[in-house]
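Structure first, commentary second.
Numbering (my numbering), first residue to last: 27 to 140.
Next up, the structure:
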């Protein structure tokens with residue numbers, strides 16, 4: 027499984043993702059208050075919010091995040107193409123940033139086209 031981190035402002039939270047219509051999904055299951063999974067058949071996407079994620083960042087990386095009170099949601103996936111399709115959905119939040127686990131923190135718009 028691979029992961030990226032979705033980073034938004036203080037209003038961004040797990041319910042923004044949980045309440046979306048996830049195109050192509052079989053079902054969505056809440057695993058805990060801060061974690062749920064979307065089942066796409068052979069593939070699954072897990073979303074988990076955690077306030078502690080910021081502690082994993084170096085100060086130089088925190089400075090690259092353009093929000094004064096960033097909120098983090100880890101997106102763990104089994105299929106990279108599916109992950110890109112999800113982020114490209116017209117109803118997926120915009121104005122957020124992506125930590126791609128390769129040292130990049132970029133806008134979702136730039137991430138989708140990369």
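The beta carbon of each residue, even a glycine, is placed where N, CA and C say it ideally should be.
Residue i vs residue j beta-carbon contact at 9 Å
i: residue 73; j: residue 101; result: yes
i: residue 97; j: residue 38; result: yes
i: residue 134; j: residue 71; result: no
Three-way DSSP call (helix, strand, coil) for residue i in this model
i: residue 57; result: strand
i: residue 133; result: strand
i: residue 101; result: strand
i: residue 42; result: helix
i: residue 76; result: coil
i: residue 51; result: coil
i: residue 69; result: coil
Near the ligand SAM: residue i beta-carbon under 8 Å from a heavy atom
i: residue 100; result: In terms of ligand content, the structure shown is empty, and the ligand SAM therefore cannot be addressed.
Cα-Cα separation, residue i to residue j
i: residue 75; j: residue 33; result: 10 Å
For residue i, the nearest candidate out of the options (CA to CA)
i: residue 99; options: 52, 45, 91 and 79; result: 79
i: residue 91; options: 47, 112, 121 and 58; result: 121
i: residue 83; options: 36, 49 and 127; result: 127
i: residue 87; options: 131, 35 and 139; result: 131
Chain-order list of residues whose beta-carbon lies under 6 Å from that of residue i (same chain, five-residue window excluded)
i: residue 69; result: 104, 105 and 108
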